[in-house]
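Set out below in structure tokens:
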């Protein structure tokens, strides 16, 4: 069995937070172990945080038409995507292992119907110790996946595959720390 | 395809939170899109919030007797309903799309056995930027549904239906902002 | 310390599922312990199950008007309540401690705008070993609470209280076992 | 208040599942209401379903190097993304309002480190009544967002923004119904 | 950047489930990648599965007395632990990354008050393609942690630490495949 | 039906939080009802809280070897256990009925491979009104159960049982209130 001592140049060196592994302990500690953390933000200041992310789902012309005419069989695509997006933002801490539980103070999801795609944008705001861009991104992907789920029956080919459907351009548009 | 510009009298007009849709963008934006939000509370003060909600489930006399005698087959109705109620309060942000994630600081669920019904009350307290009445209401409905679930076998008729069972009178009894 | 032997007329007597408590064990076992269970349905047949539940939220005339005109500030009440209702049905096993995890095969939520109230109905269907009425009821309460949450700002009085708002008449309308 | 009767050419016309709204009921029913559903799959056959989705996150060269060298501060990117992806697949029913609860029978997440991006692929398999492509897509987006979250500190510019980071090319690569 | 071809002796070799990485692709694939999976159980038979797990929490005599007398401040320890245990069993798929979503068909939690400890046992039953021991173990740990949480105020020393409290002996007592 | 008045020496006596049960109400109130609560912490100060918990899973020598050699079939045990542990800490409020929703500000999980066991430690930090030891304990049990789940195939005997596998020694190692 490999025996490796904990080395001393640990990335994470805040007093009480260090492993109490005494010197010479003959334990094997994988070297990623001491790096893998949900980072300690406890000493950071509470500041106003804002982030806006967006992304697109590329769809057939026929699908864009059907959405535009409000004829999608499962229901209203705009409000459905908006709600899935708000929930996606609020659930980021649960979906992404390294994300902190930030009590979000405002979430908005915009859905825009373009010529060849639907664009979803998600704005998130919170007074907290770390940024909210992952929350905004989680909102965007949930909104876009909900659009996909609702128009599956139009996008599918005869084999049940999706040769033209694609989610792309998922980016953080703006991130602001402190009052703008 | 309908082409509608974003109009300028947007309900939601806080600076950084607005969509950065430039002038003349030829995108279709459904008119509810710009109204549908988890409202921004980031600038509100942190204040003590208290809410108490309650509701009733109307049951057969035989069911009330069985609960009163502690003979319900699935177990203790009072504690079960209380726990489901506490969890319901803590989960309101997840169940209700527009609710904020409020870290609740106290939850209590009272179960009272009346002549013809069980009354569940849920009190919630938190120092936060928005009220906790939805959390209290979510607690009450979870507590009452748990009672229903536990006494199904007594309430059912021969067809498996519930001609007499009913949840009613779910109200917010008290809501207080600031110290009483 | 009270010492009570496990008595033998245990409610739950399926072979492998019984506690292996030998005779004369001098342990205290609270008498509800041996009754409190998520009931074993493993030997029941898989049958088509259908349930429809409904309930109402009583609102001000002004609120009904605002919903009817599509002017509610947080967005589209109908689709929002529908989605919260579908999610409430799918989450029943998680919200109600004694509910089984039934993979639901169809959920529909109907929202009707009446003179003095909004009525939400939730239909659930599944081929499974136990009924789906709790899932339908969980859907109804989530839909109604979402309506409440969205119209809070119209229903509130000057003190932030809700003298007229009330959820009532939550019932199981129909339950069917096997094909109708 | 608008008064609209339920029309009869309802999209959803399975017997027991229809709204029991009698003729001439003077209720307002929004026209999307009768279309908005988690579709009834109860009569479909249980068949082997397989889907593989993939997508990419475009990153700086420096970030690709750091991942390749196993030096990312929060820990092991490959296994972290894999686990978030598996969880994302299992949680699709909860994240996407119209998705069914499919008990997945196999999930795999592949992470490939390319010159300019990380590619995540997610394969899902289940014997069930509906396809698993949304589950695979949900897995892919969770895996890619986890990569983003872990390398934020390298991708950020001085203002905390991400001028080069982008998730793109999220597609369904293969979908198979029945044994291949 | 390291460049490694996918080798061919992949652990996981079911046709459709393999990565479609063509020969000679110059991608880096970490060697655990092709091993890390939620294992494919889709071809396994549906069989009756039963597992019973148990464990103990060691407590002060004073705490055992307080539980025995039903005087614990937060409420009824037995029912609380039982419910947390049932929920823990139903949530195993969500808590443990490699666990399948097994729709459990029966869960029971037994709580026994011993001289120096509380013993929690959790029995789980399901007709499914894989065993339910992780579900039973998840139930046991949730039940025991709930006991700890409820008696914290008695177990704590002056510094807020727990010199005597300990969860131990968490084992799978019985696992049965097929009818016993 | 038993009729019991609420007595006056209620454990929980903060003004607004008391049940508004008037004198002489002829309702049955189970005596645990007025004790069973998620305790009100709203008036407590926000203080730096740190807790470290740990526990062990005892395994076969063969299993320890396989982990040490990185040959476990489901993938990387160290990172998998770490992530399950971080998620377990963040989910404590949801798993344990009486736990508050504490937004954790730092979580670390250490995995050590010993001669006869794997030791998991979880450190949690937060500035909040109540301690974080339950969160740390929830992290430890999730990490240890994940190890068990991953090495099941090595630990099992011919009957599918686990004669040697055991989780023990789950304790709170350190708890600190305020800066150390």
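Protein chains in written order, with my numbering: chain A, 1 to 180; chain B, 1 to 180; chain C, 1 to 180; chain D, 1 to 180; chain E, 1 to 180; chain F, 1 to 180.
Ideal Cβ placement from N, Cα and C applies to all residues, glycine included.
Since the model is a prediction, treat every value here as computed from it, not as a measurement.
Comparing alpha-carbon positions, which option in A:107, A:127, A:77 lies nearest residue 178 of chain A?
Selected option, being the one with the closest Cα: A:127.
At what residues does the alpha helix (DSSP H) containing residue 79 of chain F begin and finish?
Per DSSP, residue 79 of chain F belongs to the alpha helix (DSSP H) from 77-90.
Give me the Cα-Cα distance between residue 119 of chain E and residue 96 of chain F, rounded to the nearest whole angstrom.
17 Å
Say whether the stretch 161-173 of chain D touches the stretch 40-58 of chain D, bearing in mind that this needs 3 or more beta-carbon pairs closer than 8 Å, one atom from each stretch.
yes
Closer than 8 Å is the cut-off here; do at least three beta carbon pairs connect the stretch 89-105 of chain E with the stretch 95-113 of chain C?
yes
Assess, as a yes-or-no matter, whether the stretch 68-76 of chain A is touched by the stretch 69-87 of chain D under the definition of 3 or more beta carbon pairs within less than 8 Å.
Result no; under three Cβ-Cβ pairs closer than 8 Å.
In angstroms with no decimal places, state the Cα-to-Cα distance between residue 156 of chain B and residue 81 of chain E.
29 Å
Answer with buried or exposed for residue 159 of chain E, where buried requires no fewer than 16 other C-beta atoms within 10 angstroms of its C-beta.
exposed
Which value, in whole angstroms, describes the spacing of the CA atoms of residue 174 of chain A and residue 110 of chain C?
39 Å
So what does DSSP say about residue 149 of chain D, is it helix, strand or coil?
helix
At 9 Å on the CB atoms, spell out the chain B contacts of residue 137 of chain A, in chain order.
Below the 9 Å Cβ cutoff, chain B contributes no neighbours of residue 137 of chain A, its closest Cβ being approximately 17 Å away.
For the putative contact between residue 41 of chain F and residue 105 of chain B, defined by C-beta atoms under 8 Å, what is the C-beta separation to the nearest angstrom?
5 Å
At a CB distance below 7 Å, what residues from the stretch 98-111 of chain A approach chain B? Give them in sequence order.
103, 104, 105, 106, 107, 108, 110, 111
Looking at the structure shown, is residue 140 of chain D part of a helix, part of a strand, or coil, going by DSSP?
helix
Starting from the beta carbon of residue 129 of chain D, find every residue of chain C whose beta carbon is closer than 8 Å, and list them in chain order.
Contact annotation for residue 129 of chain D against chain C: 105 [CB-CB distance below 8 Å, chain order].
Determine the chain F residues that contact residue 148 of chain E at a beta-carbon separation under 8 Å, and present them in chain order.
Neighbours of residue 148 of chain E on chain F, chain order: 134, 137.
Under 9 Å, Cβ to Cβ, is there at least one residue of chain F near residue 75 of chain D?
yes
With 16 as the cutoff for other CB atoms within 10 Å, does residue 50 of chain B come out buried or exposed?
buried
Would you mind giving the Cβ-Cβ distance between residue 136 of chain E and residue 53 of chain E, rounded to the nearest angstrom? I have them listed as a contact below 8 Å.
4 Å
Within the continuous alpha helix (DSSP H) that includes residue 62 of chain C, where are the two ends?
61-68
What residues in its chain sit with their C-beta under 6 Å from that of residue 176 of chain C, if we drop five residues either side in the sequence?
Non-local beta-carbon contacts of residue 176 of chain C in its own chain, meaning distances under 6 Å to residues more than five positions away in sequence, involve 50 in chain order.
Count the other CB atoms, across all protein chains shown, that sit within 10 Å of the CB of residue 62 of chain E; report buried if there are 16 or more and exposed otherwise.
exposed
Out of curiosity, what's the CA-to-CA distance linking residue 171 of chain D and residue 46 of chain F?
47 Å
Any C-beta of chain B sitting closer than 9 Å to the C-beta of residue 79 of chain E?
yes
Do you know whose CA, among E:39, E:37, E:64, E:48, lies nearest residue 152 of chain E's CA?
E:64
For a cutoff of 9 Å on Cβ pairs, would you count residue 40 of chain A as touching chain F?
Under the Cβ criterion of 9 Å, residue 40 of chain A is counted among the residues facing chain F.
Straight-line CA distance for residue 131 of chain F to residue 94 of chain C?
26 Å
Could I get the ranges of all uninterrupted alpha helix (DSSP H) runs contained in the stretch 94-122 of chain F, with 4 residues as the minimum, in chain order?
none
Pull up the distance between the alpha-carbon of residue 44 of chain B and that of residue 48 of chain A, whole angstroms please.
12 Å
Give a yes or no on whether the minimum CB-CB distance between residue 91 of chain C and chain D is below 9 Å.
yes
What separation, rounded to the nearest whole angstrom, lies between the Cα atoms of residue 39 of chain F and residue 107 of chain C?
37 Å
Quick check: the Cα distance between residue 139 of chain F and residue 139 of chain E, rounded to an integer number of angstroms?
15 Å
Are residue 76 of chain D and residue 76 of chain F touching if we call contact CB-CB under 9 Å?
yes
Going by CA-CA distance only, name the one from F:146, F:154, F:161 that's closest to residue 85 of chain F.
When only C-alpha atoms are compared, the closest one is F:146.
Under the assumption that residue 141 of chain C contacts residue 141 of chain B (Cβ atoms under 8 Å), give the Cβ distance between them as a whole number of angstroms.
4 Å
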